[in-house]
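Novice: If you read the sequence shown in UniProt numbering, its first letter stands for residue 2, the second for the next number, and so on. Quick reminder that beta carbons are idealized off the backbone N, C-alpha and C, glycines included. Below is a structure I'd like to ask you about.
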Amino acid sequence: SLIYVLNGPNLNLLGKRQPHIYGHETLADVEADCRRLASELGHDIRFHQSNREYEIIDWIHEAREDGAGIVINPAAFTHTSVAILDALNTFEQPVIEVHISNVHKREAFRHHSFVSHRADGVIAGLGTEGYQLAIRRVASLIMSAEK
Ligand code: DQA
């Protein structure tokens, strides 16, 4: 089946952006790792990034139409977007939220996540490896729902 991997604002600069916080891997590296793992697990991937909130909402709607699972790093929209939460609340398949950094170790404004009100699981502070673990979890939730 299908897994959407959705990335929010500024993640296009991954690898260049505050590497002491987010590491040196680029988003293209993350995408390649996600594609490799998904194909090992027998899943297809739609990998997207946008700096625009509405595009992320539209991809969530698309994932809903496709009956796909979602791995999402909403980036700064995590802490601001009721609209992304509402979109995820229209969605019934597995959702795992990923943060590269440990948001709980950082500024207080990063401690609250709107998306966590819906996510089935949250990964933070495991670097870009978090995406791999999130894909594994979405895949196993999809498999167990199919049984
Ligand atoms: C982030 C954490 C957010 O607080 C921040 O706004 C980001 C990236 C992370 O992956 O650690 O852009 O989601």
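1. Drop a sphere of 10 angstroms on the beta-carbon of residue 98, count the other beta-carbons inside from all chains shown, and report buried for 16 or more, exposed for fewer.
2. Can you list, in chain order, the residues of its chain with a C-beta nearer than 6 Å to that of residue 10? Leave out the 5 residues immediately preceding and following it.
3. Mind listing, in chain order, the continuous alpha helix (DSSP H) runs of no fewer than 4 residues lying wholly within the region 57 to 93?
4. Helix, strand or coil for residue 49, going by three-state DSSP, please let me know.
5. Can you check whether the CB of residue 142 is closer than 8 Å to the CB of residue 95?
6. Would you say the beta carbon of residue 13 is closer than 7 Å to some non-hydrogen atom of the ligand DQA?
7. Distance, Cα to Cα, residue 123 vs residue 117?
Specialist: This is what the structure gives:
1. When all chains shown are included, residue 98 counts as buried.
2. Scanning its chain for C-beta atoms nearer than 6 Å, with the 5 sequence neighbours on each side dropped, one finds around residue 10 the residues 52, 76 and 77, in chain order.
3. Within the region 57 to 93, the complete alpha helix (DSSP H) runs of at least 4 residues fall at 83 to 89.
4. Three-state DSSP puts residue 49 in a strand.
5. It is a contact, given that the beta carbons lie within the stated cut-off.
6. It does not: the Cβ of residue 13 is nowhere closer than 7 Å to a heavy atom of the ligand DQA.
7. Distance from the CA of residue 123 to the CA of residue 117, rounded to the nearest whole angstrom, comes to 7 Å.
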